[in-house]
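S.K.: In UniProt numbering, the protein residues as written are 1 to 924. Glycine included, each C-beta is placed from N, C-alpha and C at the ideal position. From a predicted model like this one, the values you see are computed outputs, not experimental measurements. Just dropping this structure here.
Structure, rendered in structure tokens:
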């Protein structure tokens, strides 16, 4: 039987060999190396030209194991497959006539056969294999002394980073700058029937300048003549005749010049009217002539006066924000409010239409609102331009860093985080950049900072999760267990780290901690931790924990301390009757000890004070239902404590080094959620802290520092659904903004009260965030000497006071809205303002001294603190003046007044960290 090859359009065999045509060994080796297949897996054979010529036609290369798929992904020029285990044919060829593998096996004579379309069948034995090393000619070695050889140049250091040259902000902005034209506004239809040509407009301008110069000259001459009149002798007409005649003529000339100037001012007013009309007709065109209303770079000199608005581009350009040019100031009067409303409307429309650059232009260039401009640029994913605003104009480095990170500009973000001294965040970005050595260096810095802060939990977290060093993490956690601030949490985390290790042995670790690291005073805390780790399904752990619990609880019970007896059922969960048995035992023991006075159980009186870490300088505290949060500084870093009214405390810290002029505040409103804001001025970004729910705290809290909040003096209110509202005052405008929990602008309202609301009313040191609360659709706050009540629809309610307001408190106990304000003249109580109420009111002061803190501490009870004394006042609807009930003196300045879970008492936090519980009833 004679076999032939028939071509097929598709491959019918898997490639496991290849034919390399030609006679150049270098070409063969180059092609084989391109396959990226280990040479040990290949066998090679020389293929003759024909049966009559042994001259090489090429090299046949096959896999030693024909079933291997090593060549499946290789780009073979002439691939071959195998049939019946020993016959190699082109992958796009089929044998004819068709044969079975058994029939082929009888026909094949050699270990391997190559069936080439033109050469024919060539057989190979194992002895025919060609070793590729035989193709290399190494030449004859030279008899030379190489001991004098020079080592050569050192190897180049490995690349640490590869960064593409980034375009400058000017280049980026220039790439999308549009040609907005240069035609003046006079090219559009006039409001008046008379059209002014460019020549007439130029003449008007010349006329105005001439008139202004003439008017100044006339005034100067008049003053000179008035002075001379007193020196010249009188003649004929009596005293003063000459002087009176001269100025009378000049007065008439001056009036004529002024009337002409007023006519030119009217033309400016006409231009503004046309601009307002153009906003209604063609907003895009109107923006090209818009007048900037606000911004820190206005009025860098006086330009030549003009009666026409000039056309300019409407795309955001960060290079134009620095100002420095002269301006032609226009007196807008009441038109400013209309223009501002039009600008706000235009910015909103452009952002909704996706024209984020134009919206940013309106915010930055026209309204001077760089924060909104940066936010809208972020919304349009123009992260570089937004970062320029944050960094160079708002001086908000944290926002710039986050913006660059979201834009995947990691190298630039790292530089800013390094500037902010946030090594852990810089390390995270270096990890993303695949620079583990630099990342590890930053993580070590972060761990050192946390350890210096005394924050063992955070130190261990960095060591375990970022540096992958659980052994060091365990050492740090044991140090924390031996300390006083985070003992239970550190020990629980220690056992979790041990359990996470391969071949973990938790039972011996528990036994070792009990024997070597648990003094008698810490045994009750160890019991609480052992209860928490009972869920670990490890052989022997429950037995060890149970024996330790027996030993600790039996010792306490022998001493008459029965508080932890009920914990035994946690170590014997399968015993359904143990709970009842323990209750009977405790009841019986207490009865027996009560019958024997000498063996009464030791009971500790309820604590009336606690001491927080005295090394921390405590600054502020806020209460949140049954717990409180306080912040302070130590070694120029921020610390936080969370506590309850049973003496349980948890400590947290941040690695950020605070600025010398930092002013940090806590903002909370328990009525609207568990979110507490941490605000710093100047801007500092603090990582979010989750304060978890546990056996000591029934509610989890979140401490956040939103980087997107506006900077500078403002009022901030927490709202339902994690929303936040801010109120700022600029000139005569109050701007209320409502944001989502992530910073998206949900609504904005501008108020234009008739009275003057100067921005300096809130210019306190550090850009303090003033108290603002939200209740039933109304915002309550204050500014300077006025109370403010705002709604998102309707006119604001404003009432003046007789003194500057410094504090505000809202009662959480009264059915009707009740507020207290602290002023430099004292504190007074009041209710909401009536609709339409404006102007001043007579305050009924409950105290005459300027308070440092005020707080409602119960139904009809107001506590007022002044430095080292707090006075408790009782009030009612009929007696808003208040009656002092009790007075308490302290040994250190009072930082905060805190309501507690007990309505009959309140707490004082002193600057030393002492927390004093005070009963509301007068004490002797």
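#1: When burial is assigned at 16 or more other CB atoms within 10 Å of the CB, is residue 398 buried or exposed?
#2: Identify, in the order they occur along the chain, each residue of the same chain with its Cβ nearer than 6 Å to the Cβ of residue 283, setting aside the five sequence neighbours on each side.
#3: Using CA coordinates, which residue listed in 454, 415, 456, 453 is at the minimum distance from residue 438?
#4: Name the two residues that bound the continuous alpha helix (DSSP H) containing residue 28.
#5: Out of 719, 343, 153, state which residue places its alpha-carbon closest to the alpha-carbon of residue 750.
#6: Shortest alpha-carbon distance to residue 662 belongs to which of 809, 854, 712?
#7: Starting from the C-beta of residue 489, find all residues in its chain whose C-beta is less than 8 Å away, skip the five residues before and the five after it, and write them out in chain order.
#8: For the candidate residues 374, 352, 340, whose alpha-carbon lies nearest to that of residue 360?
#9: Return helix, strand or coil for residue 867, following the three-state DSSP convention.
#10: So for residue 808, helix, strand or coil by DSSP?
#11: Given residue 111, which residues of its chain have a CB within under 7 Å of its CB, disregarding the five upstream and five downstream residues?
#12: Any idea if residue 100 is buried or exposed, counting beta-carbon neighbours within 10 angstroms, 16 or more meaning buried?
#13: Under 9 Å, do residue 785 and residue 800 count as touching if we go by C-beta distance?
#14: For residue 919 and residue 826, I'd like the C-alpha separation in whole angstroms.
#15: Compute the beta-carbon to beta-carbon distance between residue 890 and residue 862, rounded to the nearest angstrom, for a pair I have assumed lies under 8 Å.
#16: Alpha carbon to alpha carbon, how far is residue 544 from residue 509? Give it in angstroms, no decimals.
#17: In three-state terms, what does DSSP make of residue 669?
#18: By a C-beta neighbour count over all protein chains shown, 10 Å radius and 16 as the cutoff for buried, is residue 813 buried or exposed?
#19: Does residue 44 pass the burial test, meaning 16 or more other C-beta atoms within 10 Å, or should it be called exposed?
#20: Measuring straight from C-alpha to C-alpha, what distance separates residue 473 and residue 687?
#21: Quick one: what does DSSP say residue 544 is sitting in, helix, strand or coil?
#22: Closer than 7 Å by C-beta to residue 507: which residues in its own chain qualify, once you throw out the five before and the five after it? Chain order, please.
#23: In chain order, which beta strand (DSSP E) runs of at least 3 residues are fully inside the region 45–113?
#24: According to DSSP, residue 618 sits in a beta bridge with which residue or residues?
#25: Indicate the three-state DSSP secondary structure (helix, strand or coil) for residue 315 in the structure shown.
#26: Residue 908 lies in the alpha helix (DSSP H); which residues open and close that run?
#27: Closest by CA to residue 464, which one among 586, 433, 500?
#28: From the DSSP output, read off the bridge partner residues of residue 925.
#29: Where does residue 771 sit, in a helix, a strand or coil, going by DSSP?
#30: For the beta strand (DSSP E) holding residue 409, just list the boundary residues, first then last.
#31: Can you tell me the Cβ-Cβ gap for residue 401 and residue 417, rounded? I've got them flagged as a contact below 8 Å.
#32: Verify whether the separation of the beta carbon atoms of residue 775 and residue 617 is less than 9 Å.
#33: Within a Cβ cutoff of 6 Å, which residues of the same chain sit near residue 869, ignoring the five residues on either side of it in sequence?
#34: Between which two residues does the alpha helix (DSSP H) harbouring residue 371 extend?
#35: At the level of alpha carbons, what is the spacing between residue 811 and residue 819?
#36: Give the straight-line distance between the Cα atoms of residue 582 and residue 552, rounded to the nearest whole angstrom.
M.R.: Answer, in terms of the structure:
#1: Residue 398 is buried by the Cβ-count criterion.
#2: 346
#3: 415
#4: 25–34
#5: 343
#6: 712
#7: Cβ within range, chain order: 457, 480, 650.
#8: 374
#9: coil
#10: Assignment of residue 808 by DSSP, reduced to helix, strand and coil, places it in the strand class.
#11: Counting only Cβ-Cβ distances below 7 Å, and skipping sequence neighbours, we find 86, 124, 125, 126.
#12: exposed
#13: yes
#14: 24 Å
#15: In fact, because the Cβ distance is near 18 Å, the residues do not count as touching under 8 Å.
#16: 10 Å
#17: Residue 669 falls in the coil class under three-state DSSP.
#18: exposed
#19: buried
#20: 21 Å
#21: helix
#22: 538, 540, 541, 544
#23: 53–63, 79–83, 87–90, 93–96
#24: 632
#25: Any answer about residue 315 is weak, because its pLDDT of 49 lies below 50 and its placement is not dependable; what the coordinates show is given next. Here residue 315 sits in coil by DSSP.
#26: Per DSSP, residue 908 belongs to no alpha helix (DSSP H); it is in the beta strand (DSSP E), 905–910.
#27: 500
#28: Since the first and last residues shown for the chain are 1 and 924, residue 925 lies out of range.
#29: Residue state, collapsed to three classes: strand.
#30: Taken as a continuous stretch (DSSP letters only), residue 409 belongs to no beta strand (DSSP E), as it is neither H nor E.
#31: Rounded to whole angstroms, the Cβ separation of residue 401 and residue 417 is 5 Å, and the two are in contact under 8 Å.
#32: no
#33: 889
#34: 370–379
#35: 6 Å
#36: 16 Å
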